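A short write-up of the structure that comes next.
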């Protein structure tokens, strides 16, 4: 029998509802989660559902993964849409816990249970995430220099940009060191770099955020990353297809790779040019190149051998 618990995660507390029942609150601490796990065991809970909250759920998820309870980390926008579909317009922590419990009962296989994350992969993700934060801040600061700020503010902004660049350079070294400490991860990253356009940052991003490479078919993989176009049709209307959702960090890395191969003489550059000549918009052609890159990486990961361009003859022995 499946017994589902919904857990609304806050910075300091956890609101818990089993099978949409009454809500009990626990502290979001090691001690509080210990009490929660004891309570769930007494109630024979088999599945726990919570939302991604930007990090506040990490302690709960890590502790649940040590038990026999399957943990689902649901996307907040999907849960909110589900709540509205059920007629719940009000939003409170206790109500969210009950909604999460019902969400787990209605969609027992969606999202799929997350497997335990290796400490090495989690450390790599944290370093890459920190790097992205600094890169975004650098872009913001450079944008402020173009807005006619006073000379005093300009000097402060330039100092901050210089500091951010030093930190980004330091993180570039640190994420590579973290990658090299785990030999399987380092070998996989080196394999990805054999694909044209894939550099150190992209290969590390793929190792950290896309462990499914080599284990999924092309259709499910493009959907997972968020490169599968969504239809917008109704009756006789045929709307424009668009991509959305998926793993944004992987998609951003592939976007930069796509432009790299488009700018240089390569098979994918000629593929991009053919699409443009057929009248495809630039963004559509770039996404097509991104999908091609992803499928090349998937083939490399599945075979476990370096990428060999089609133009290079393969010598048989």
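Numbering (my numbering), first residue to last: 2 to 318. Think of the CB as a built atom: it goes at the ideal place given N, C-alpha and C, for glycine as much as any other residue. Note that the coordinates shown come from a computational prediction; the quantities given were computed from them, not determined experimentally.
Quickly, what does DSSP pair residue 4 with across the bridge? List them, please.
The partner list for residue 4 (beta bridge, DSSP) is empty, contrary to what the question assumes.
Measure from the alpha carbon of residue 47 to the alpha carbon of each residue in 223, 206, 5 and 176, then state which is nearest.
5
Below 6 Å CB to CB, which residues in the same chain sit around residue 18 once its five sequence neighbours on both sides are set aside?
Hits under 6 Å: 7, 24, 98, 99 and 102.
What's the C-alpha gap between residue 185 and residue 300?
18 Å
Integer-rounded CB distance, given that residue 195 should sit under 8 Å from residue 77:
The C-beta distance from residue 77 to residue 195 rounds to 38 Å, too long to fall under 8 Å, and the pair is not in contact.
Apart from the five residues just before and just after residue 269, which ones in its own chain have a Cβ nearer than 8 Å to its Cβ?
Residues 197, 198, 259, 262, 263, 290, 293 and 294 of the same chain have their beta carbon placed closer than 8 Å to that of residue 269, with the five preceding and five following residues left out of the count.
Close Cβ partners of residue 210 (< 6 Å) along its chain, the five nearest in sequence each way excluded
248, 250 and 251
Nearest-angstrom Cα distance between residue 228 and residue 280?
20 Å
Here's the rule I'm using: 16 or more other beta-carbon atoms within 10 Å means buried, otherwise exposed. How should residue 137 be labelled?
When all chains shown are included, residue 137 counts as exposed.
Can you grab the Cα-Cα spacing for the pair residue 43 / residue 50, in whole Å?
18 Å
Please classify residue 186: does DSSP put it in a helix, a strand, or coil?
helix
Three CB pairs or more closer than 8 Å across the stretch 168-184 and the stretch 120-139:
yes
In angstroms with no decimal places, state the Cα-to-Cα distance between residue 28 and residue 75.
21 Å
So if DSSP puts residue 28 in a beta bridge, which residue, or which two residues, is it bridged to?
14
Under a three-way DSSP split, which group does residue 166 fall into?
Helix, per DSSP.
May I have the straight-line CA-CA distance separating residue 88 from residue 140, to the nearest angstrom?
41 Å
Euclidean distance between Cα positions of residue 205 and residue 192
11 Å
Provide the residue span of the beta strand (DSSP E) that contains residue 196, from first to last.
Run containing residue 196: none; DSSP gives neither H nor E here.
Residue nearest to residue 214 in terms of C-alpha spacing, selected from 70, 91 and 304
Distances from the alpha-carbon of residue 214 to those of 70, 91 and 304 put 304 closest.
Per the DSSP calculation, residue 19 is bridged to which residue(s)?
6
Give the range of the alpha helix (DSSP H) segment to which residue 258 is assigned.
249-264
Where does residue 46 fall in DSSP's three states?
coil
Taking only the alpha-carbon atoms, compute the straight-line gap between residue 91 and residue 81 and give it to the nearest angstrom.
If you take the alpha carbons of residue 91 and residue 81, they lie about 10 Å apart.
DSSP three-state label for residue 76, please.
Three-state DSSP puts residue 76 in coil, outside helix and strand.
Under 9 Å between the Cβ atoms of residue 170 and residue 180?
no
Since residue 208 and residue 125 are thought to touch, with beta carbons under 8 Å apart, how far apart are those beta carbons, to the nearest angstrom?
Confirmed, about 7 Å.
Thinking just about the alpha-carbon of each residue, which of 12, 53 and 21 is nearest to the one in residue 34?
12
On the three-state DSSP scale, how would you describe residue 91?
Assignment of residue 91 by DSSP, reduced to helix, strand and coil, places it in the coil class.
With burial defined as no fewer than 16 other Cβ atoms inside 10 Å of the residue's Cβ, what is the status of residue 151: buried or exposed?
exposed
Relative to the C-alpha of residue 223, which candidate in 96, 203, 288 and 21 has its C-alpha closest?
Considering only alpha carbons, the answer is 288.
DSSP beta-bridge partners of residue 52
75
Give the range of the alpha helix (DSSP H) segment to which residue 220 is assigned.
219-226
Measure the beta-carbon distance from residue 10 to residue 52 and round it to whole angstroms, keeping in mind my assumption that it falls under 8 Å.
7 Å
Residue range of the alpha helix (DSSP H) that includes residue 211:
It is not in any alpha helix (DSSP H) - residue 211 carries neither H nor E in the DSSP assignment.
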